[in-house]
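Residue numbers (our numbering): 25 to 377. All C-beta atoms in this analysis are idealised placements derived from N, C-alpha and C, irrespective of residue type, glycine included. As the structure is a computational prediction, the values presented were derived from the model and not from experiment. For reference, the structure discussed in these notes is given below.
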Ligand code: TRP
């Protein structure tokens with residue numbers, strides 16, 4: 025079977041290091057593994073509009089920002105098809121057909137949808153389009169026949185819902201769609217990176233993000249101001265590493281070799297943690313090390329972003345070509361779907377008999 029990737033992000037803001045360790049880094053690894061026949065990366069503007077209907081300018085502004093973030097982390101337009109969701113109207117048509125295969129109560133039980141309804145205070149006034157976005161996401165995935173969907177852990181319920189739609193469709197209309205698998209990073213610290221304030225999630229609305237587009241000094245300041253262990257007041261106090269975001273970030277970012285280079289008193293992260301827990305290790309030392317480690321990872325990303333920022337017309341061209349290619353791919357699936365559903369009326373003269 026052909027190995028195909030489909031993934032994407034909503035263009036509601038610039039992407040941050042939580043997106044990076046949670047999924048973008050994994051996508052680049054998969055892209056360069058040579059194991060995939062086709063890779064599609066989508067800027068999900070239509071999905072972004074499901075809860076930003078009144079702010080189209082916000083979505084529009086962030087299309088190019090997200091494209092620049094993709095190129096910056098190493099998504100290679102020669103290997104991956106980067107496209108804009110609304111430029112592929114076939115996805116909307118598929119969504120409309122899939123809606124008949126899902127019950128309202130099933131969508132209501134989707135934990136991600138539930139959490140988002142709470143966050144946005146939508147309780148009494150949920151936009152219908154927003155409510156249906158898990159179904160539209162199933163259309164995105166299946167339109168490309170994706171076998172693998174590298175996304176953040178928060179998208180697990182979407183994948184589960186997509187797989188149910190695939191099974192239902194195939195059961196009703198005959199074997200047509202492919203069941204996808206989610207691909208998560210293997211390092212558990214990467215699954216949900218906390219904010220620099222120690223809150224469970226890095227999120228734009230909480231203002232606790234380190235952005236991929238932040239300059240070196242901004243990143244340094246954010247790291248030096250990070251929340252740590254509130255019980256670790258004096259350097260000599262024993263400290264906690266669990267729930268301490270500085271150590272979670274180190275879990276997510278640092279490699280053993282980096283100790284020799286930046287903090288040679290320790291051989292690895294376990295030794296550093298041990299010292300912190302024992303007492304006698306100050307937060308500033310740990311934060312400076314984290315800064316060195318993160319700057320090393322972010323530097324090439326920043327440089328590639330600067331390169332592409334000078335070439336925005338080329339980026340637009342990449343999106344245009346990618347969207348045209350994506351539309352051809354989705355149209356092929358839609359033709360098979362219409363055939364399976366017996367609504368391919370003008371294909372031959374079956375309607376006459
Ligand atoms: N829900 C994803 C996000 O919030 C974006 C998205 C839309 C997506 N369609 C998708 C991701 C299909 C993977 C597959 O960022």
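Between which two residues does the alpha helix (DSSP H) carrying residue i extend?
| i | result |
| --- | --- |
| residue 30 | Element bounds for residue 30: not the alpha helix (DSSP H) but the beta strand (DSSP E), 28-33. |
| residue 189 | 180-197 |
| residue 155 | 152-155 |
| residue 86 | 80-97 |
Please classify residue i as buried or exposed, where buried requires at least 16 neighbouring CB atoms within 10 angstroms.
| i | result |
| --- | --- |
| residue 266 | exposed |
| residue 322 | buried |
| residue 90 | buried |
| residue 102 | exposed |
| residue 49 | buried |
| residue 53 | exposed |
| residue 1 | Past the edges of the chain, shown from 25 to 377, lies residue 1, and the structure says nothing about it. |
| residue 199 | exposed |
| residue 147 | exposed |
| residue 252 | buried |
| residue 100 | exposed |
| residue 40 | buried |
| residue 340 | exposed |
| residue 254 | exposed |
| residue 367 | exposed |
| residue 119 | buried |
| residue 25 | exposed |
So, are the CB atoms of residue i and residue j less than 9 Å apart?
| i | j | result |
| --- | --- | --- |
| residue 109 | residue 68 | yes |
| residue 292 | residue 45 | no |
| residue 165 | residue 204 | yes |
| residue 182 | residue 190 | no |
| residue 296 | residue 316 | no |
| residue 137 | residue 128 | no |
| residue 215 | residue 325 | no |
| residue 122 | residue 162 | yes |
| residue 201 | residue 169 | yes |
| residue 303 | residue 260 | yes |
| residue 29 | residue 104 | yes |
| residue 206 | residue 185 | no |
| residue 75 | residue 154 | yes |
| residue 97 | residue 188 | no |
| residue 312 | residue 250 | no |
| residue 330 | residue 276 | no |
| residue 273 | residue 217 | yes |
Apart from the five residues just before and just after residue i, which ones in its own chain have a Cβ nearer than 6 Å to its Cβ?
| i | result |
| --- | --- |
| residue 43 | none |
| residue 351 | 112 |
| residue 256 | 263 |
| residue 371 | none |
| residue 56 | none |
Can you list, in chain order, the residues of its chain whose CB lies under 8 Å from that of residue i, leaving out five sequence neighbours each side?
| i | result |
| --- | --- |
| residue 87 | 35, 67, 69, 108 and 343 |
| residue 115 | 70, 109, 160, 163, 164, 167 and 354 |
The beta strand (DSSP E) spanning residue i covers which residue range?
| i | result |
| --- | --- |
| residue 174 | 172-174 |
| residue 66 | 62-67 |
| residue 146 | First-last for residue 146: undefined, no H or E at that position. |
| residue 207 | 205-207 |
| residue 106 | 105-108 |
Is any non-hydrogen atom of the ligand FAD found closer than 8 Å to the C-beta of residue i, if you look at the structure I gave you?
| i | result |
| --- | --- |
| residue 219 | With respect to the ligand FAD, the structure offers nothing, as its ligand set consists of the ligand TRP. |
Once the 5 residues before and after residue i are set aside, which same chain residues still bring their CB inside 7 Å of it?
| i | result |
| --- | --- |
| residue 278 | 293 and 317 |
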